[in-house]
Every structure is written in C-alpha cells, then in structure tokens.
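Trainee:
2 protein chains.
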Amino acid sequence: MRKIVQNLKHVFSPHSVAIVGASETPNKIGNVLLRNFLDTKFPGKLYPVNPKYTELVGLKCYPKVSEIPGKVDCVIIATPAETVPDIVEDCAGKKVGGIIILSGGFEEVKRNDLAERIRKIAVENDMPLIGPNCLGVFNPYTKVDSIFLPRYKLERPKAGGIAFITQSGAVGSTVLDLGAYYGLGVSKFISYGNSTVLDEADYLEYLVHDKETDVIILYIEGAKDGRKLLETMKKVNKVKPIIALKAGRGTGGQAAARSHTGNIAGSYLAYQAAFKQAKVTEAEGITEVFDFVKIFHQPKPKGNRIAVITNGGGVGVLTADSIESEGLALAVFSEDTKKEMAKILPSYGNVANPLDLVADAGVEAYSRAIDMMMKDENIDALLIVVLTQTPPIDERIIHVLTKASDERKKPVAVISIGGTYTEAYRKILESKGVPSFNSPAAAVKAMGKLIMYAKYCEQLKKQKG
Amino acid sequence: MRKIVQNLKHVFSPHSVAIVGASETPNKIGNVLLRNFLDTKFPGKLYPVNPKYTELVGLKCYPKVSEIPGKVDCVIIATPAETVPDIVEDCAGKKVGGIIILSGGFEEVKRNDLAERIRKIAVENDMPLIGPNCLGVFNPYTKVDSIFLPRYKLERPKAGGIAFITQSGAVGSTVLDLGAYYGLGVSKFISYGNSTVLDEADYLEYLVHDKETDVIILYIEGAKDGRKLLETMKKVNKVKPIIALKAGRGTGGQAAARSHTGNIAGSYLAYQAAFKQAKVTEAEGITEVFDFVKIFHQPKPKGNRIAVITNGGGVGVLTADSIESEGLALAVFSEDTKKEMAKILPSYGNVANPLDLVADAGVEAYSRAIDMMMKDENIDALLIVVLTQTPPIDERIIHVLTKASDERKKPVAVISIGGTYTEAYRKILESKGVPSFNSPAAAVKAMGKLIMYAKYCEQLKKQKG
C-alpha cells in the first residue's frame, strides 16, 4: 500500500480536527460541520479556522491552520475553490495528517488549474486528500463526520461492518440515510467527489485491511484509471465482497456524470465486463445496493435450492415466479420434511414449495416449518413470507425469525408487504440483522447474488486447497 | 351486461348485510367481520347469523338467513366449506341480492363437488357470488368491508378512484395496506378467490360502468376463460386504464397457483400477448403495480421527452441512465429555458438535462426551474429529484411540488430517497396526489408506462376523429 494511502488513517481516526471555513451562521456548511463534531462529542481536539473570528461556539478560532499549536491530524476545508490551493499549501507546511475538501468548483467546472495545484502539493507530501467536491468522511467508530447535512435531516447509521465508497455525495448520503432508517451498521463512509488525488481503487485498498469493514459498497460514475480499478477489485473482492453501482451508463447519463465530478464515465460495457471478471456483485440502482448489502451478512448458502414459506398464497406464487426467472431452484423437500409438514397444515392445505401455511397460520406453525427446513439437506436457503396483517401473527414472530437468522445455519430473508404496521415489523427485524424485503422479486434477486458470491468463494477455496 | 353481473350492485352498495358464522370469540373471522362493520359505522342493517347465539355484540342473532325479517342485500359467509352449499340454497330461497363466500376448502383442495353445487344455485337465481376462498369486498363509499383482517393491522385506504380486482387475498390486501399508507384513494376492492361463479372479466365489466372508478388494478393467477378476458380487457382499457399483474409465470409458480385457487395458471406468454394486444399496462411485481397506479392520476403527456431537476448530481445521473434504458428521451431545453436557467444556477453549475441545481439549491430555485419547464414546449414530463437532506430544503417544497402537480399541465413525479425524514415528506406528497418514488428507476419506468398509455389514447382519438 502506498504511503499516501496508508496515511488515510489520520483522516479516519484523528486525534485532532481543524475545520477551515468554520462559521457561526446557521445552515452554512462551516456551521453544520462544527455542530456535527460537537453534537456527537468528538473525543479529540477541535479547531475552528476562520480569520473572521477569534472564537466560535466557545472554541478558540484560528486564522489559518499553520497557526494552530500542536499536531493536526485531519483538516476539513469548506471555503471557495479559489482559496483552497493556498490552504492546502499551508497544511503541507504544517505537516497535517490528511485533508478533506468539501468545496466544489474544480474539474467539474473546468478549473483543472486549481485541481492540479492541490494534487501536486498532496502527492509531494504523501498527504492524503479526499475530494474536492464531496461530502468527505463519516466514521461512527471515531466520530469523524464531515457530512455537511444536518443530523436531524440525515440520520447517521450506527457502527457496523458496511463501508461505502461513493463518488456522488447525494447518492452516498441517501444510502446512509436509508441505512440508518433500517438500523444497518456502517464502518466507514467515504464520499470522494472528483478523486483529484486518491481514487476509488485507493480506498478499496485501504478498506481491505480495515478491521471494521466486512462488506464494501462502491458507487462509481467514472474512474480515471480503469486498469488499476479492475486489478484492485479483483484482489479485494476475494477477501471482502464488493457491491458496485455504476452510473452514467447511457450517453445522457455520461454527459451528466462529466458535469458532475469532471470525470469521464467511460463505456458501461467495459465496467460491466470488469465487474464480471472481478466477480463483483453489480447493483442496478440504489434500492438494489441496499437490498444486496442487507443479505450479505447472512451465512453463505451451499447451493441455489430455495424453500419458500408463506401465509399468503399469492405472494408465494410471485416468489416462486421470481426464483425461476432469476435462474434459481425451488427446493424439493425431503420425504421426512413432507411427512412432518402434512401434520402442521390444516386439512385444506397442500404440502408443496412454496409451503402455504394459509392465513390461519400462527407463529407456532412458522416456527415448526422453519425448524424442519433448517434440517432438510435438500434446502440451501429460506425465503419466509410473513404477511403481518393476518390475525394469528403477533410480535412473537420477531423472535422466531431472529432465531432462524441468528442460528446461522442457512441464509434467511423475510418478505413482508404492507403499511405502517408492517413497516414497524420490518424495521425491528432489520435492526436485529434479519434482512427483510417488501417485494418478493427484490428478496429473490438479493438471495441470488449471495448464492453467486458464495459459489465464487467456494471455487477460490478449492483452488487454494 | 349480464343480469348476474349487474346484481353485483347489491353486494357493493347494500342496505342490509348478513354475516353467517358471526362469532363472539376475538380474532375469529366471524368476530373480526362484525367488528369491521360496527367500527366503520355501516349505515345499513346488520344481521349476525349463527344458530349458537340469540344475541351478539348487542345485535339480535339469527339461526339462518331465511329467518331474517325483511330484505337482505348482501350475505357474507365464513363457515366451513361443507356447510356452505346449504347456506347458499337458503339465501336463494330468501332471494338475497348477492353473496360473498370467504371460506376456503373448494376447488383448491379438489372439492369441485361443493363448488359445482353453489355455482348452480347462484347461476339459476342470477345471484352474484364472490369467491369462495377470498377476502371479498371493501367499498369505502358504502362501508361494506368483508376483509377479515383487523383494521389495526391492515389499514383501509380512503375513498378514491382506484379499483382492485385480485385473485389472491394476500396480494390484494397488502396492496390495499400500502395504498392506505400512502394515502391513495380506492373505489372498490374485490378479492375473488376461486372465481367459481363470477370471474375477473365480469368484475372488469362491472367496473367500466362504475362512476367511482377511474383506474383498475388486476392481479390474476389463472383465468378460466382466456378469450373472454382478452375481449373484456380490450373494451375496458380503452375507457379506463388497467394495470395487470400476472402471477404463476414459471412452472413452479404455476403449480403453486393451482394449489392456491384451483385455477390453471396457463402459459405466461399467452397472457403477455393478451396484455399487449389489449394495450394493458403490465406490472412485474407488487411494487410496480403500486408505482404505476400512483402516476396514472397525472395528466397524460404529449410525448416522451423528460426533463430532470435535481439537487444531487449522482441521483440525476442515475435518473438519466434509466430514461435511456427505458427507451425514453432526455428533453433538449429550448434556448429561452437555457438562458433563464443560467440565471438561477450558481457559478459552478451547468445548464443541462438533468438540471443539477446542486446541494445549495433552495425551494425558490426549484419553483423557478419548474415554472420554466412547464412553459418549455420541448418538455413533455417532469421528474423532480428532491433530496430533503440538504439544509436549504424545507417544508415549503411540498407546496411547490403540489402546485406543479395540481396545475395538471404536464405529468410530474418526485424522486426522494432517504430515511425517516424523507419518508415523512413522501407520505405528505402522496396524500396530496403527487406521485413520489424512492428509486429513480421506478419513477422512470412508471412515467414510461403513463407515456405509453397516453400514446394509445391519442391513437384511439385519431381513429375516431
């Protein structure tokens, strides 16, 4: 790993943070930033920097970074583009650990001159520089938070194993918000914007060694060095699964991407081929990113034979349809399972896959059906449809489903469709690590991606063994 | 229209309802039904029927329907399958208006003997019979509600223009629940189960004449008479758009459908061809049904040229990608629009489609951009991305978006992605009739379906004119 990449540790886990462009005006970026660090009780030192003030929110304010006494690990810059090169130069003189530049106004509006100046200084000093034109970093473990969107509008997720690398701040922040909503845990959020100094491959390389990260989401519009990205993806995806979303697929999207971060989106076909070659899981939209990442914390299935349990026949049919259209298999139950299941079904029920427990089914029927399917060697994965609207379903179902997921014998995903009541159930399940979906098609597709990645890992093991 | 279909009016708008199998035991179907009618203050007469009681929840209880004094418009039956034929016979003797049979245990478990008995009695008496093996009817206008799922678990939507015809109770009820969640308005909900007497084509025919209905959702597993369905869809879809979801597409799904309602799912290709021939809008899952129906209340666009406004560049790129992959066009703004837009953008913004107002954009910038696009004759439809997480976006955006939708000049859809805060915004928008989506791909696909239907209506007009 290059030294400049290694040095990212100062940005992700700083003991001291300076905010250049700190402000007392509410809703200004420099004010939101300061509040973020104060609100989350950042345990390190915090230095507002702005020549206009001598004090800000009770903290001493410095005119420039070089005048801060003592070491500065991480500098966050939120001042107009023209002022940035001099500030970066000042930071280099001070030997700061690393820089995040939030400001826009560089390559994306053809100010490559400004970009080139900061790039040169950063590279010469092995000083990592994230951005410009980005949201920067959020690390729930160390409480670094350069996302200039107020916490009451954009919830921050709890600490966990999912890392986000995103070229677009908007896309990244919405995924972050959704993650918080469903109680997912995040290790590091990196919005890198124009990638003037460090690019997505550098972040991937850093994260493969990051103890807190176990799954990586990559949202990319255009890479500067396609070859480097491909080689890095290959290496990283063997160790930690990457879920990639490529934007700028058509010509209109490519033009939009260019004016967004100044990078050329490049041929989508080339990216698709690269993802395939590296066995990276490709998502086709934000919703899918989210769907896939939820299920990647489940245990890896041994094959593609899926059992479906349902208390609503129609939703079972739709799930079976999706299993076939995704090229997966409906499991054929063992004779033992069939016999046992006949005992728990009402007289008007049929033992089949999908197993329709019918609307009369209570929590106990689910519990018994799940237990049997966990034992049946003809079944690799479980999709459990729970329509919470039926009278016999009560909150004990949460326990049954969480238990099935916690056992970690086979991957489990829940399909629950509905309004307020159902949403409440789904949020509880997600917060307990049980992936839940409001669409059969989405659940099946996600399970399919997990099955594919599991197969790849199995092949790798055999090659080694 | 056949007399037996006409007579459905007694079921949908009854002055008197009898509930056979009424019960005092909480959570039993016969109890939930009774509570539904009492809770919603059904304005007509309510007759519990059960030989076990002489009184139920303060109402006189009758041993059989024929012993009720006076007319009975609608009878809801929730007793075991074996008892049903005698009850239907009793109803025929009493000359009731129509019957809903909720009970399962007929064709779907090969008790065709029971099914044939009730079919014969119903047909001979022109007595419409919905079901068996279904949830029956919900009509918010007349407060008929045979859905045996408690109201605290399954919210009922308000009165409006959307009719649901569904073979599966589970699928129908979840769509109903989602509809309530987002404040959509429903005209009639019909869960018809085994379609022993009346089928989907009959309900379509009834609804085309129904004043309260303007869009029809059809969830179908297997029709008994494909030719009749095709001809009816053709006729109805010219007057009111039909959104169809076909389940049982693959062999596994077909087997599941058969054991679900006893109907043969039939070749999916045949259904697809029928939908195409009738120009019916086909949805590929429950989520899509819901996505499409939301947008069908927007005005019909004149063409397929879409303008995108965004405050998050990346989400704009993803939207542009979807527009191209769905075969729609990114509008090319008129010169006037370009000039005006340059004035409202910050120096580092680019005038292009998608129009990236950047994260600094406030409500005023949206309002001006929308006004310009409504005037621009090169634009047929608007997709407005609003990431509510940015500081300058406040609740006044609701007014701006609602105004754009209420003007009914061009169809409008909103894309907002995020957690709790965003969900709250989206729910308000939906309740005001502004279709909102949490995925660019879903919004674009839905808009594409509206464009296609609008084109079909335009062709019909030309043929006539």
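The listed protein sequences derive, respectively, from chains A and B.
Residue 233 in my numbering sits at position 233 of the first sequence, with consecutive numbering throughout.
Residue 350 in my numbering sits at position 350 of the second sequence, with consecutive numbering throughout.
All C-beta atoms in this analysis are idealised placements derived from N, C-alpha and C, irrespective of residue type, glycine included.
How far does the beta strand (DSSP E) with residue 61/B in it extend, from its first residue to its last?
Mentor: That residue, residue 61/B, is in no beta strand (DSSP E); it is neither H nor E in DSSP.
Trainee: Which of the three DSSP states, helix, strand or coil, is assigned to residue 299/A?
Mentor: Three-state DSSP puts residue 299/A in coil, outside helix and strand.
Trainee: Determine contact between the segment 181–201 of chain A and the segment 332–344 of chain B, defined as no fewer than three beta-carbon pairs at a distance below 8 Å.
Mentor: Segments in contact, no.
Trainee: Counting only runs of 3+ residues fully inside the segment 40–110 of chain B, write out the beta strand (DSSP E) ranges in chain order.
Mentor: If we require 3 residues or more, the beta strand (DSSP E) runs fully inside the segment 40–110 of chain B come out as 45–49, 74–77, 98–101.
Trainee: Do you know offhand how far residue 498/A's Cα is from residue 75/A's?
Mentor: With chain A running from 1 to 465 in the structure shown, residue 498/A is simply not present.
Trainee: When you check each C-beta in the segment 60–82 of chain A against every C-beta of chain B, which residues fall closer than 7 Å?
Mentor: Here the close residues number zero.
Trainee: Using a Cβ-Cβ cut-off of 6 Å (strictly less than) and excluding sequence neighbours within five positions of residue 435/B, which residues of its own chain qualify?
Mentor: Counting only Cβ-Cβ distances below 6 Å, and skipping sequence neighbours, we find 294, 295, 413.
Trainee: Let me make sure I understand the geometry here. Which of 289/B, 297/B, 332/B has the alpha-carbon closest to that of residue 308/B?
Mentor: That would be 332/B, whose Cα lies nearest to the Cα of residue 308/B.
Trainee: If you draw a straight line from the alpha carbon of residue 123/A to that of residue 112/A, how long is it in whole angstroms?
Mentor: Distance between the alpha carbons of residue 123/A and residue 112/A: 16 Å.
Trainee: How would you list, in chain order, the residues of chain B whose beta-carbon sits under 7 Å from the beta-carbon of residue 323/A?
Mentor: Those are 252, listed as they occur along chain B.
Trainee: Spell out the partners DSSP gives residue 382/B in its beta bridges.
Mentor: In DSSP, residue 382/B forms a bridge with 307/B, 412/B.
Trainee: Going straight from the alpha carbon of residue 272/A to that of residue 282/A, what length do you get?
Mentor: Between residue 272/A and residue 282/A, the C-alpha separation is close to 8 Å.
Trainee: If contact means a Cβ-Cβ distance below 8 Å, which residues of the segment 437–464 of chain A contact chain B?
Mentor: Result list: 438, 439, 440, 441, 442.
Trainee: Does the separation of the CB atoms of residue 448/A and residue 439/B fall below 9 Å?
Mentor: The answer is no: Cβ separation not under 9 Å.
Trainee: List, in order along the chain, the chain B residues whose C-beta lies closer than 7 Å to that of residue 435/A?
Mentor: Under the 7 Å cutoff, chain B gives no residues; its nearest Cβ is about 16 Å from residue 435/A.
Trainee: Give the DSSP-derived three-state secondary structure of residue 219/A in the structure shown.
Mentor: Strand at residue 219/A.
Trainee: Have a look at the DSSP bridge pairing and note the partners of residue 246/B.
Mentor: In DSSP, residue 246/B forms a bridge with 220/B.
Trainee: Does the beta-carbon of residue 202/A have 16 or more other beta-carbons within 10 angstroms, so that it is buried, or is it exposed?
Mentor: Result: buried.
Trainee: Rounded to the nearest angstrom, what separates residue 147/A and residue 137/A at their Cα positions?
Mentor: Roughly 7 Å between the two C-alpha positions.
Trainee: Among 158/B, 422/B, 411/B, 149/B, which residue has its Cα nearest to the Cα of residue 28/B?
Mentor: Comparing Cα positions, the closest option is 149/B.
Trainee: Is there contact here, the segment 403–420 of chain A with the segment 386–395 of chain A, by at least three beta-carbon pairs under 8 Å?
Mentor: Verdict: yes, contact present.
Trainee: When you measure from the CB of residue 325/B to every non-hydrogen atom of the ligand GTP, does any distance come out below 8 Å?
Mentor: Absence of the ligand GTP is noted for the structure shown, with no ligands found whatsoever.
Trainee: Can you tell me whether DSSP reads residue 237/B as helix, strand or coil?
Mentor: Of the three classes helix, strand and coil, the one that applies to residue 237/B here is helix, per DSSP.
Trainee: Give me the Cβ distance between residue 257/A and residue 248/A, rounded to the nearest whole Å; I'm assuming they're in contact under 8 Å.
Mentor: Residue 257/A to residue 248/A, Cβ: 3 Å. Contact.
Trainee: Within the 9 Å Cβ cut-off, does residue 357/A reach chain B?
Mentor: By this cut-off, residue 357/A is not an interface position.
Trainee: Which residue comes first and which comes last in the alpha helix (DSSP H) that contains residue 315/A?
Mentor: Where residue 315/A is concerned, the enclosing alpha helix (DSSP H) stretches over 313–325.
Trainee: Identify each residue in the segment 204–221 of chain B for which the Cβ-Cβ distance to at least one residue of chain A is less than 8 Å, and report them in chain order.
Mentor: Taking 8 Å as the Cβ-Cβ cut-off against chain A, the residues of the segment 204–221 of chain B that qualify are 219, 221.
Trainee: Across which residues does DSSP place residue 174/B in a beta bridge pair?
Mentor: The partner list for residue 174/B (beta bridge, DSSP) is empty, contrary to what the question assumes.
Trainee: Less than 9 Å between the C-beta atoms of residue 253/B and residue 324/A, yes or no?
Mentor: Against a cut-off of 9 Å, the Cβ pair of residue 324/A and residue 253/B comes out as a contact.
Trainee: With 9 Å as the threshold, decide whether the Cβ of residue 387/A is near any Cβ in chain B.
Mentor: Cβ-Cβ to chain B under 9 Å: yes for residue 387/A.
Trainee: Out of 142/A, 119/A, 140/A, which has the shortest C-alpha to C-alpha gap to residue 132/A?
Mentor: For residue 132/A, the nearest C-alpha among the options comes from 119/A.
Trainee: Counting along the chain, where does the alpha helix (DSSP H) carrying residue 282/B start and finish?
Mentor: Per DSSP, residue 282/B belongs to no alpha helix (DSSP H); it is in the beta strand (DSSP E), 281–283.
Trainee: Consider the Cβ of residue 167/B: report whether some Cβ of chain A lies at a distance smaller than 9 Å.
Mentor: Yes - at least one Cβ of chain A is within 9 Å of the one on residue 167/B.
Trainee: When DSSP labels each residue in this structure, what does residue 334/A get in the three-state scheme?
Mentor: In the structure shown, residue 334/A sits in coil (DSSP, three-state: anything other than H, G, I, E or B).
Trainee: Using a Cβ-Cβ cutoff of less than 8 Å, which residues in the same chain neighbour residue 15/B once the five nearest sequence positions on both sides are dropped?
Mentor: Closer than 8 Å at Cβ, skipping near neighbours: 44, 45, 71, 73.
Trainee: Alpha carbon to alpha carbon, how far is residue 344/B from residue 134/B?
Mentor: If you take the alpha carbons of residue 344/B and residue 134/B, they lie about 56 Å apart.
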